[in-house]
Every structure is written in structure tokens, then in C-alpha cells.
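Trainee:
2 protein chains.
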Amino acid sequence: MTTSRGPYAKSARVRAAAVEAAAELFGTAGYRGATFKDVATKIGMTAAGLTYYFPDKDALLAAVLDERDRPAVAEEAALASSGTRADITERVMRILSENIAQPGLAELHCVLSAEATSAEHPAHEHFQDRYRKARDLLTDTFEAAVARGEIRSSVPPKTLATLLLSVMDGVQLQWLLDPEEVDMPATVRTFISDLLAPPEAP
Amino acid sequence: MTTSRGPYAKSARVRAAAVEAAAELFGTAGYRGATFKDVATKIGMTAAGLTYYFPDKDALLAAVLDERDRPAVAEEAALASSGTRADITERVMRILSENIAQPGLAELHCVLSAEATSAEHPAHEHFQDRYRKARDLLTDTFEAAVARGEIRSSVPPKTLATLLLSVMDGVQLQWLLDPEEVDMPATVRTFISDLLAPPEAP
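Each protein sequence line maps, in turn, to chains F and S. In this text, residue positions in the first sequence follow full-length UniProt numbering: the first is 1, and each later residue adds one. In this text, residue positions in the second sequence follow full-length UniProt numbering: the first is 1, and each later residue adds one.
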């Protein structure tokens, strides 16, 4: 329950503004390029003032990541229970459209996930967990689609899940490096049509 | 022609040692984590002394990247002219084995290529160029294999090239984050078997 007044409401507003500012700055300048003070300045605070809400840049990072992931995780959970081939394709194409519209956030994901491969990175567990959950949800989705006879079963569902996430990340890397040369939606769509193909006609 | 003595030979030796040390340090501490001075210290020089051979860390980075890529580019050129499905599979599996044996270098590639999506990064053009060349060579390879009837032609060769590179990068990211959970060779091999499948029997 959020009340619209009082110290709790102010705290929630400041936190939300700081997370939005951090997401924008991390998306343009990168996590390492943006400072804690930059985030504070953007919302008209001092760095000391912002530490009342977030102790440091890592805490901002964690909040940005949670905020970004919340809608995606809910949608993926829904997909897992009833996702048809068309649903999966539509969901993936929508993610790509969002990334094309906000290349700064796409780059943020690309850089943070790569940096986070290091066990010491503050987002290491976040990304490990995020990919595990995404693989598990997609595996369930593909298992259900195979069981319904919608996609052929020559490739194990868990491998399909790992591959779909890999293709999305890998094509995005090439697209970020060279947007004129790489047609991200067409490439990913081809992968989905081919690898998530319906069973051969009997 | 390299002579074994004289100032030129010493210069070549120092350069080679510095590039090796930089590759190792960038692979363990990351490009941003390792300093120019760390590289100098590792080969028993001062930072000022090393500037005689390399003006700065970016120059070391460029040399490391060139050094790493040289054998790969030559092999890929050979693949493009005569690569059969078996050759392509073997070459890809060999790259994966090398990366499993040297996770530090795999992580270096992962982090540098992601950082380099930013147009201001010193390796931006290097990675843009590297991916263009890799796509072109693999496209030629796949075109030739389709023409010989070795792989089916439902997916355009350029798309296959982009997808294969994407799968290698994307699966590697998940493997670096979670080596216990992600079987990199098996996943990539499944992709190759399925997407580079021979034509259907007539």
C-alpha cells in the first residue's frame, strides 16, 4: 500500500526518480562511465543526499536491474504455461523492437551481462539467476509446445532455450556494432522459423 | 626478415613480451582493470620505458587483438574456399575447446566486444571489422557448401553466418556466467547439426 503523502511517499518518489535517472545514465554512459554523483545531480540532489536512499552505485545498479526485469519475468511466466509458437515469436519480436527503440538499454544489457561474467562483479549473481530462470521458463514453454505437437522435437527443449537466448544476445551484439549491416529482426525471425519449425507433415 | 641481434631484434622481443603480458592481464583483470604500468611491471620494465614501444594502453590493446586474430583469420580464409560441413564443425569445436581451456581469453573477448559496441571505444572499429570479415568468410563458406549440395538452402547463407557467430558468442556468455549449467560444446554442436543440416533425402 502506498500512501500519497508523508515521508514514505517521498522516499518512494525519490527512489523511483533515482532508478530512472540511473537507468538512463547507465544506458548512455555505461555502468562504469556514469558516477553516483551524476545520478544525484540528474535528480537535483547531492551525492550525500542520495546515499540516504541508496548507499552506493552498486545498490542503484541492483535497483535498475530489478526494475527492468520485473515485467519481463511476469510475461515469461505466462508464456511458459500457454505459449504457442506464435506467442513466443511475438514476444521475441517485441523485445527486439523495444531494444531497437532504446539502443542505450540494449547496450547496457550487453555490457553489464559481459562484465558480470566475472565472479567479482556486483551483478554476477543477478545475471546468473536471470539466465537460469529464462532458460527454465523457455524450456517449460518448449516442452509444452512439443507435447502439443506444435514444434518438432529433434532438439531437446533445454538446448532450444539456451540457443534462443544466445541468438538474441549474439545477434544484438553484432547489430549494436554494425546496425547498417545486421538486420536483427529478420535474422532472429529466421532462426525461430527454422529451429522452432512445426513437425514435418506426415 | 628478423635478425636475431641488434636493436631491431631487441625491439621485437620487447614488443612480443609486452603483448603476451597484456593479453594475460587483460584476460584475468579485464581491459579496464589492468593498467599500463601492470603490463610494464610484468615484463620487468617501468611504464616510462614501455612507452618507447607502445605509447599507451590502447596501443597494447590493438596489438593484443591483432595477435589473437591473425591465425584465426588465415584459417577462416582457408575454410571459405574449401570448408565442408565437417571442416566447419571441427573448426568451431576447436575454437570452443580453446576457449574452455583459456576462460580468461574467452572473457576478454566477451567483455571487449561488448564494451566496443560504444562508438568511442578504442576497439570499436576492430570488432566491427572483425565481425564483418567473419560474416563474409562464413557466408562464402556456406554458399559453397549449399552449391555442392552439402547443406540445405532454406536459410540464406549470410543469415546462417550471422547466426553461427551469434550462437558462439551467446552460448559462451551463458557458459561464462554459469559453467556448471551450460554445456557449451553440446549446445553449439546441436545448433550446427540442426541448422547446417544436409538436404532432406529425396
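By construction, the Cβ of each residue, glycine as well, lies at the ideal position given by its N, Cα and C atoms. Because the structure is a prediction, the values reported are computed rather than measured.
By how many angstroms is the C-alpha of residue 108 of chain F removed from the C-alpha of residue 92 of chain F?
Mentor: The straight-line gap from Cα to Cα measures roughly 18 Å.
Trainee: Residues of the stretch 121-139 of chain S with a CB closer than 7 Å to any CB of chain F: list them in chain order, please.
Mentor: From the stretch 121-139 of chain S, only 127, 128, 131 and 132 have a Cβ closer than 7 Å to chain F.
Trainee: If residue 50 of chain S and residue 59 of chain S are in contact, beta carbons under 8 Å, what's the gap, nearest whole angstrom?
Mentor: Their Cβ separation, rounded to whole angstroms, is 10 Å, which puts residue 50 of chain S and residue 59 of chain S out of contact at 8 Å.
Trainee: If we count Cβ pairs, one from each stretch, closer than 8 Å, do we get three or more for the stretch 108-124 of chain F versus the stretch 154-167 of chain S?
Mentor: Flag = no, the stretch 108-124 of chain F and the stretch 154-167 of chain S do not touch.
Trainee: By the three-class DSSP mapping on this structure, what secondary structure does residue 35 of chain S have?
Mentor: Looking at residue 35 of chain S - three-state DSSP - the assignment turns out to be coil, as it is neither helix nor strand.
Trainee: Measuring only the C-alpha atoms, how far is residue 133 of chain F from residue 89 of chain F?
Mentor: Taking the straight line joining both Cα atoms gives about 19 Å.
Trainee: Measuring CA to CA, which of F:24, F:187, F:99 and F:174 is closest to residue 128 of chain S?
Mentor: Among F:24, F:187, F:99 and F:174, the Cα nearest to that of residue 128 of chain S belongs to F:174.
Trainee: Under a three-way DSSP split, which group does residue 172 of chain S fall into?
Mentor: It is helical.
Trainee: To test your reading of the DSSP string, which unbroken alpha helix (DSSP H) runs of 4 or more residues are found completely within the stretch 93-120 of chain F?
Mentor: Qualifying alpha helix (DSSP H) stretches, in chain order: 103-115.
Trainee: Please state whether DSSP places residue 152 of chain F in a helix, a strand or coil.
Mentor: In the structure shown, residue 152 of chain F sits in coil (DSSP, three-state: anything other than H, G, I, E or B).
Trainee: Are the beta-carbon atoms of residue 54 of chain F and residue 48 of chain F separated by less than 9 Å?
Mentor: It is not a contact, given that the beta carbons lie outside the stated cut-off.
Trainee: Count the other CB atoms within 10 Å of the CB of residue 83 of chain S; is the residue buried (16 or more) or exposed (fewer)?
Mentor: Classification of residue 83 of chain S: buried, given that the 10 Å Cβ count is 16 or more.
Trainee: Determine which residues of the stretch 160-179 of chain F have a Cβ less than 8 Å from any Cβ of chain S, and write them out in chain order.
Mentor: For the stretch 160-179 of chain F, which is checked against every Cβ of chain S, the residues closer than 8 Å are 162, 163, 165, 166, 167, 168, 169, 170, 171, 173, 174, 176, 177 and 178.
Trainee: Quick test of your reading: residue 182 of chain F and residue 190 of chain S, contact by CB under 8 Å. State the CB separation rounded to the nearest angstrom.
Mentor: In fact, because the Cβ distance is near 24 Å, the residues do not count as touching under 8 Å.
Trainee: If you measure between the beta carbons of residue 130 of chain S and residue 158 of chain S, is that distance less than 9 Å?
Mentor: Not in contact: residue 130 of chain S and residue 158 of chain S (Cβ atoms no closer than 9 Å).
Trainee: DSSP three-state label for residue 136 of chain S, please.
Mentor: In the structure shown, residue 136 of chain S sits in a helix (DSSP, three-state: H, G or I).
Trainee: Could you check whether the Cβ of residue 156 of chain S sits closer than 9 Å to any Cβ belonging to chain F?
Mentor: Yes, residue 156 of chain S lies at the interface with chain F (some Cβ there is under 9 Å from its Cβ).
Trainee: Could you check which residue in F:167, F:52 and F:125 has the C-alpha nearest to that of residue 66 of chain F?
Mentor: Considering only alpha carbons, the answer is F:125.
Trainee: From the DSSP output, in three-state form, read off residue 1 of chain S for me.
Mentor: In this predicted model, residue 1 of chain S has a pLDDT of only 48, less than 50, meaning its place in the structure is not dependable; the value taken from the coordinates is given anyway. Reduced to three states, the DSSP call for residue 1 of chain S is coil.
Trainee: Thinking residue 96 of chain S and residue 188 of chain S are a contact (beta carbons under 8 Å), I'd like their distance in whole angstroms, please.
Mentor: Sure, about 6 Å apart at Cβ, within 8 Å.
Trainee: Does the CB of residue 98 of chain F have a neighbour CB from chain S at under 9 Å?
Mentor: It does not; no Cβ of chain S falls within 9 Å.
Trainee: Between F:123, F:118 and F:197, which lies nearest to residue 145 of chain F when the distance is taken from Cα to Cα?
Mentor: Measuring from the Cα of residue 145 of chain F, the nearest candidate turns out to be F:197.
Trainee: Going by beta carbon distance, what residues of the same chain come within less than 8 Å of residue 152 of chain F, once the five residues before and after it are set aside?
Mentor: These residues qualify, in order along the chain: 146, 197, 198, 199 and 200.
Trainee: For residue 114 of chain F and chain S, any beta-carbon pair shorter than 9 Å?
Mentor: Yes, residue 114 of chain F lies at the interface with chain S (some Cβ there is under 9 Å from its Cβ).
Trainee: Quick one: is residue 181 of chain F near chain S, going by C-beta distance under 9 Å?
Mentor: For residue 181 of chain F, the answer is yes, since a Cβ of chain S falls inside 9 Å of its Cβ.
Trainee: With respect to the alpha helix (DSSP H) encompassing residue 192 of chain F, which residues constitute its N-terminal and C-terminal limits?
Mentor: Run containing residue 192 of chain F: 184-195, per the alpha helix (DSSP H) assignment.
Trainee: I think residue 116 of chain F touches residue 106 of chain F, with their Cβ atoms under 8 Å apart; what is that distance to the nearest whole Å?
Mentor: Going by Cβ atoms, the distance from residue 116 of chain F to residue 106 of chain F rounds to 16 Å, so no, they are not a contact pair.
Trainee: Taking residue 167 of chain F as the reference, which of F:149, F:193, F:143 and F:34 has the closest Cα?
Mentor: It is F:193.
Trainee: Starting from residue 49 of chain S, follow the alpha helix (DSSP H) in both directions and report where the run begins and ends.
Mentor: Taken as a continuous stretch (DSSP letters only), the alpha helix (DSSP H) holding residue 49 of chain S covers 47-50.
Trainee: Taking only beta carbons into account, state which residues of the stretch 184-201 of chain S come closer than 8 Å to chain F, listed in chain order.
Mentor: Within the stretch 184-201 of chain S, the qualifying residues are 186, 187, 190, 191, 194 and 195.
Trainee: Leaving out the 5 sequence neighbours to the left and right, which residues in its chain are closer than 6 Å to residue 23 of chain S when beta-carbon positions are compared?
Mentor: Counting only Cβ-Cβ distances below 6 Å, and skipping sequence neighbours, we find 64.
Trainee: If you count every other CB in all the chains shown that lies within 10 Å of the CB of residue 3 of chain S, and 16 or more means buried, which is it?
Mentor: Any reading at residue 3 of chain S must be qualified, since the residue scores a pLDDT of 49, below 50, and its modelled position is unreliable; the value itself is stated next. Under this definition residue 3 of chain S is an exposed residue.
Trainee: Mind checking if residue 153 of chain F is an interface residue toward chain S, Cβ cutoff 9 Å exclusive?
Mentor: Chain S, which has no Cβ nearer than 9 Å to the Cβ of residue 153 of chain F, makes this no.
Trainee: What did DSSP end up calling residue 131 of chain S once you bin it into helix, strand or coil?
Mentor: The answer is helix: DSSP assigns residue 131 of chain S an H, G or I state.
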